[in-house]
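S.K.: When we follow full-length UniProt numbering, the leftmost residue of the sequence shown carries the number 1, and every step to the right adds one. Ideal Cβ placement from N, Cα and C applies to all residues, glycine included. These figures come from a predicted structure and were not determined experimentally. The structure that follows is given in the form of structure tokens.
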Amino acid sequence: MTPLCRFQEPFKLGAIDADAPIVESKTTTADSGASPAVRELLERAAHARHSQPEDARNYALQARVVARAEGDRAGEAEALYRLASLAHLGGDPEDAFGLAMEASEVAQSCGAGLVDAWATHLLGIIHYQASNFSEALDHCLRALDTYQAAVDGADGVDSGNILNTIAAIYHSMGDNDRAIVTYEQALAVAEPFGRQEFVALILGNVARIRASRSEYLPAVSLGRRAVEIARENSPSIVANLLADLAESYMGLADHQKAAECFAEARRSLAEQSEEGTEPTTAAQLALMTAEGRVALRRGALDEAIAVLQAALDMSERTEAKEYELEINDLLATAFKRSGRFEEALERREVHDDEYRKIFTHAADLRLRTLQVAHETQNARAEAEILRLRTTDRSDTTPSIVVRPEHESLHLEAFEQLAILTEFRDADTGAHTDRVGDLAAEIGHAIGKSPEWCELMRLAARLHDIGKVAVPDSVLFKTGPLTVEEYEMMKSHTSMGHRILSGNSAPLFQMAAEIAQSHHEWWDGSGYPLGLSHQSIALSGRIVAVADVYDALCSKRPYKRAWAKDEAARFVVSGRNGQFDPEVVDAFVSVISARDPELGEQLK
1 MTPLCRFQEP FKLGAIDADA PIVESKTTTA DSGASPAVRE LLERAAHARH
51 SQPEDARNYA LQARVVARAE GDRAGEAEAL YRLASLAHLG GDPEDAFGLA
101 MEASEVAQSC GAGLVDAWAT HLLGIIHYQA SNFSEALDHC LRALDTYQAA
151 VDGADGVDSG NILNTIAAIY HSMGDNDRAI VTYEQALAVA EPFGRQEFVA
201 LILGNVARIR ASRSEYLPAV SLGRRAVEIA RENSPSIVAN LLADLAESYM
251 GLADHQKAAE CFAEARRSLA EQSEEGTEPT TAAQLALMTA EGRVALRRGA
301 LDEAIAVLQA ALDMSERTEA KEYELEINDL LATAFKRSGR FEEALERREV
351 HDDEYRKIFT HAADLRLRTL QVAHETQNAR AEAEILRLRT TDRSDTTPSI
401 VVRPEHESLH LEAFEQLAIL TEFRDADTGA HTDRVGDLAA EIGHAIGKSP
451 EWCELMRLAA RLHDIGKVAV PDSVLFKTGP LTVEEYEMMK SHTSMGHRIL
501 SGNSAPLFQM AAEIAQSHHE WWDGSGYPLG LSHQSIALSG RIVAVADVYD
551 ALCSKRPYKR AWAKDEAARF VVSGRNGQFD PEVVDAFVSV ISARDPELGE
601 QLK
């Protein structure tokens, strides 16, 4: 059984579920150091979080744009975290993960320790919900250390929240002794703050552990206490606690008490619905699954199958994979005991197939993408470039001899290598094409000749070719980069220039120019050379805008895909800072032509 582990925001105490009670936390958003203008928007987002989530998201987006325009890194980090928590509340863990990653990185860059702790904790929660317990534990332990450092070692109100998550992870990993100790630590932190809803949650989790050890008497005692507290302070978890209590009573062979608990749990969910607060899918599935387990335990096979099949239908409709796995497992057992062996085998095969899908998704993505590289018709050219990764960077600049008449053939080979460096993108290769197309359109808007723009379209596709010289451990890392790793990543600009400048053809010369300059900033704070203003090649200034906009709009394992209006506003906010103002104006005209409605928003 999965522990009752709810994500709780640091600004508000309460579960992530929309029906959870909300209690003010003593840890306020003001602790992050955001500017007054950003603070007001974030407070509005917090206020609208449950009642008007779309408004809350818009406020958080505005807070991010304002923070970026003001150079308020702490405010930007908190806005990103707010967006991550809203995505998680809305049931989108992938978006939440990408935003939380960004929030943590920005927070670390400006010393916003509290925001870093909150974001890291959310990353741990998402790993936990994906059953990636090792990563979850690592993130949550780091979140606890970061939080305690930010509050000078004091047991702040969020310590109990993080400790509860850590205990739940130990619980799920089967380390029950350590889980109980950690739950007790969380309880000691929570009680002085009057967090009775949190106390009920922890007591319920400890009761589960006791029941798993067949210690049914203490499990019943703890479970009853948890239910009593939750009735008054956290009605949304009463049904879950009652379902657990019913299973503990079954351990004592008290069928009557178990039936009473299930009946009260059903009434609790019905009352929530009558009051206008629809019970969560997780609460309903937890109850149905528990009823199926109990029926299976007492040998009521037909009853167990009926309940579990209804639960399976709900889990498939709502894509609740965690419950779907367990329900298929229980159904396979129930069918087998009933002598319905074909149905048992079918459920077992579905269970195993879903398990593989959940835990091998990342590996499958990498294998599929690498296959694209292996199928290229230019394997020899690819091997030559990849060979650079094993050579000493202090060697003389490699020379790639390409005869002009074969320029188009070798361009195709380089494009395949560009696809390889972008393998995190599910629509492999589309990113490089889109950057080239957008860059060419911006060039037209600025007034460059059609010939120059077409050259730009092709050359821009190779802007990240230097990433073939970046180690896999850095290039494919999903977490924040260390200082050393970031320097390795930055080297892709110089390596791309070295790779491409060995040929004198205009196409390759422009591609080399772009590779080297597309991370330079208009204000001089970019890399690798720290150039500014007109000293940056125009092609690089254009691709800088096109690359950032399309990268933001693209979904990656480490980030969500931004909405077009959000990404466009981000680019506009970098005018005169990261980006050439003339290029940004041309970008706005191109985007407005593509989408007039978006153009009106940008105005």
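Rounded to the nearest angstrom, what separates residue 531 and residue 512 at their Cα positions?
M.R.: Reading the sequence shown from its first residue, position 531 is the one you call residue 531. Reading the sequence shown from its first residue, position 512 is the one you call residue 512. Each residue's alpha carbon lies about 16 Å from the other.
S.K.: Is the number of C-beta pairs between the segment 224-241 and the segment 196-210 that are closer than 8 Å three or more?
M.R.: Because the criterion of three Cβ pairs below 8 Å is met, the segment 224-241 and the segment 196-210 touch.
S.K.: Taking the DSSP output, what are the residues bridged to residue 262?
M.R.: Position 262 of the sequence shown holds residue 262. For residue 262, which the question treats as bridged, DSSP gives no partner whatsoever.
S.K.: Can you tell me whether residue 449 is buried or exposed? The criterion is at least 16 other CB atoms within 10 Å of its CB, across all chains shown.
M.R.: On the sequence shown, residue 449 is found 449 positions in, with the first residue counted as 1. The residue is exposed, with fewer than 16 neighbouring Cβ atoms inside 10 Å.
S.K.: Taking residue 38 as part of the alpha helix (DSSP H), name the residues at either end of that continuous run.
M.R.: In the sequence shown, counting from the first residue as 1, residue 38 sits at position 38. Where residue 38 is concerned, the enclosing alpha helix (DSSP H) stretches over 36-47.
S.K.: Between residue 239 and residue 269, which are expected to be in contact by the criterion C-beta below 8 Å, what is the C-beta distance as a whole number of angstroms?
M.R.: Here residue 239 refers to the residue found at position 239 of the sequence shown. Here residue 269 refers to the residue found at position 269 of the sequence shown. Rounded, the Cβ-Cβ distance is 5 Å, consistent with contact.
S.K.: With respect to the alpha helix (DSSP H) encompassing residue 238, which residues constitute its N-terminal and C-terminal limits?
M.R.: Position 238 of the sequence shown, counted from the first residue, corresponds to residue 238. Residues 238-251.
S.K.: For residue 64, name the three-state secondary structure that DSSP assigns.
M.R.: On the sequence shown, position 64 is the one that residue 64 refers to. Correct three-state label for residue 64: helix.
S.K.: Scan the segment 267-354 and note each continuous alpha helix (DSSP H) run of 4 residues or more that stays entirely inside, going in chain order.
M.R.: Taking only runs of at least 4 residues, the alpha helix (DSSP H) segments lying wholly in the segment 267-354 are 281-297, 301-318 and 321-337.
S.K.: Enumerate in chain order the residues of its own chain whose CB-to-CB distance from residue 130 is below 6 Å, with the five nearest sequence positions on each side excluded.
M.R.: By one-based count along the sequence shown, residue 130 stands at place 130. The answer is none, since no qualifying residue turns up.
S.K.: How far does the alpha helix (DSSP H) with residue 642 in it extend, from its first residue to its last?
M.R.: The shown model of the chain, from 1 to 603, leaves out residue 642, and the question about it has no answer.
S.K.: Report the CB separation of residue 326 from residue 281 in whole angstroms; it is logged as a contact under 8 Å.
M.R.: Residue 326 sits at position 326 when you count from the first residue of the sequence shown. Residue 281 sits at position 281 when you count from the first residue of the sequence shown. About 14 Å separates the two Cβ atoms, so there is no contact after all.
S.K.: For residue 96 versus residue 79, is the C-beta distance shorter than 8 Å?
M.R.: In the sequence shown, counting from the first residue as 1, residue 96 sits at position 96. In the sequence shown, counting from the first residue as 1, residue 79 sits at position 79. No. Outside cutoff.
S.K.: Under three-state DSSP, which class holds residue 213?
M.R.: Start at 1 with the first residue of the sequence shown, and residue 213 comes out as number 213. Here residue 213 sits in coil by DSSP.
S.K.: When burial is assigned at 16 or more other CB atoms within 10 Å of the CB, is residue 374 buried or exposed?
M.R.: Within the sequence shown, numbered from 1, the residue matching residue 374 stands at position 374. Because the pLDDT of residue 374 is 38, which lies under 50, any placement of that residue in the model is unreliable, and the question is left without a value.
S.K.: Using the C-alpha atoms, what's the distance from residue 217 back to residue 191?
M.R.: By one-based count along the sequence shown, residue 191 stands at place 191. By one-based count along the sequence shown, residue 217 stands at place 217. About 24 Å.
S.K.: Considering only their Cβ atoms, is the gap separating residue 137 from residue 169 smaller than 8 Å?
M.R.: The sequence position of residue 169 within the sequence shown is 169, counting from 1. The sequence position of residue 137 within the sequence shown is 137, counting from 1. Yes.
S.K.: What distance in whole Å lies between the Cβ atoms of residue 291 and residue 262, which are believed to be in contact at a cut-off of 8 Å?
M.R.: In the sequence shown, counting from the first residue as 1, residue 262 sits at position 262. In the sequence shown, counting from the first residue as 1, residue 291 sits at position 291. Contact holds; Cβ gap of about 6 Å.
S.K.: On the CB-based measure, 16 or more other CB atoms within 10 Å of its CB, does residue 576 come out buried or exposed?
M.R.: Within the sequence shown, numbered from 1, the residue matching residue 576 stands at position 576. When all chains shown are included, residue 576 counts as exposed.
S.K.: Look up residue 178 in the DSSP assignment and say whether it is helix, strand or coil.
M.R.: Here the question's residue 178 lines up with position 178 in the sequence shown. Helix.
S.K.: Residue 535: buried (16+ other C-beta within 10 angstroms of its C-beta) or exposed?
M.R.: For the purposes of this step, residue 535 is identified with residue 535 of the sequence shown, where counting begins at 1. That one is exposed.
S.K.: Could you pull out every residue in the same chain whose Cβ sits closer than 7 Å to the Cβ of residue 316, ignoring the five residues on either side in sequence?
M.R.: Here residue 316 corresponds to residue number 316 of the sequence shown, with the count starting at 1. Hits under 7 Å: 324.
S.K.: Identify every run of the alpha helix (DSSP H) within the segment 464-552, keeping only runs that are complete inside it and at least 4 residues long; order them along the chain.
M.R.: With a minimum length of 4 residues, the continuous alpha helix (DSSP H) runs that stay inside the segment 464-552 are 472-475, 483-500 and 506-517.
S.K.: Where does the unbroken alpha helix (DSSP H) through residue 134 begin, and where does it stop?
M.R.: Stepping through the sequence shown from its first residue, residue 134 is reached at position 134. Here the alpha helix (DSSP H) through residue 134 covers 133-150.
S.K.: So which of 257, 235, 198 and 195 has the shortest CA-CA distance to residue 220?
M.R.: Numbered from its first residue, the sequence shown carries residue 220 at position 220. That would be 257, whose Cα lies nearest to the Cα of residue 220.
S.K.: Mind checking whether residue 516 and residue 496 have CB atoms under 8 Å apart?
M.R.: The residue you call residue 516 lines up with position 516 of the sequence shown. The residue you call residue 496 lines up with position 496 of the sequence shown. Yes, the pair counts as a contact, with Cβ atoms nearer than the cut-off.
S.K.: Would you check if the distance between the CB atom of residue 460 and the CB atom of residue 537 is smaller than 8 Å?
M.R.: Counting from one through the sequence shown, the residue named residue 460 turns up at place 460. Counting from one through the sequence shown, the residue named residue 537 turns up at place 537. Contact: no.
S.K.: When the Cα atoms are used, what is the spatial distance from residue 59 to residue 73?
M.R.: Your numbering for residue 59 matches position 59 in the sequence shown. Your numbering for residue 73 matches position 73 in the sequence shown. Near 17 Å, if we compare the C-alpha coordinates of residue 73 and residue 59.
S.K.: What is the DSSP secondary structure of residue 195, reduced to helix, strand or coil?
M.R.: For the purposes of this step, residue 195 is taken as the residue at position 195 of the sequence shown. In this structure, residue 195 counts as coil in the three-state DSSP scheme.
S.K.: Could you have a look at residue 594 and say whether DSSP puts it in helix, strand or coil?
M.R.: Counted from its first residue, the sequence shown places residue 594 at position 594. In this structure, residue 594 counts as helix in the three-state DSSP scheme.
S.K.: Looking only at its own chain, which residues have a Cβ that is under 7 Å from the Cβ of residue 109, when we skip the five neighbours before and after it?
M.R.: Residue numbering aside, residue 109 sits at position 109 when the sequence shown is read from its first letter. The answer, listed in chain order, is 73.
S.K.: Select from 231, 321 and 196 the residue whose C-alpha is nearest the C-alpha of residue 354.
M.R.: Numbered from 1 along the sequence shown, position 354 holds the residue referred to as residue 354. Cα-wise, what sits closest to residue 354 is 321.
S.K.: Could you check what DSSP says for residue 560 in three-state terms: helix, strand or coil?
M.R.: Position 560 of the sequence shown holds residue 560. Three-state DSSP puts residue 560 in coil, outside helix and strand.
S.K.: For residue 561 and residue 555, which I take to be in contact (beta-carbon distance under 8 Å), what is that distance rounded to the nearest angstrom?
M.R.: For the purposes of this step, residue 561 is identified with residue 561 of the sequence shown, where counting begins at 1. For the purposes of this step, residue 555 is identified with residue 555 of the sequence shown, where counting begins at 1. Confirmed, about 4 Å.
S.K.: When we look at the beta-carbon of residue 593 and count the other beta-carbons within 10 Å, is it buried (16 or more) or exposed?
M.R.: Residue 593 sits at position 593 when you count from the first residue of the sequence shown. Exposed, since its Cβ has fewer than 16 Cβ neighbours within 10 Å.
S.K.: So the alpha helix (DSSP H) residue 99 belongs to, where does it begin and stop?
M.R.: Start at 1 with the first residue of the sequence shown, and residue 99 comes out as number 99. Start and end: 93-110.
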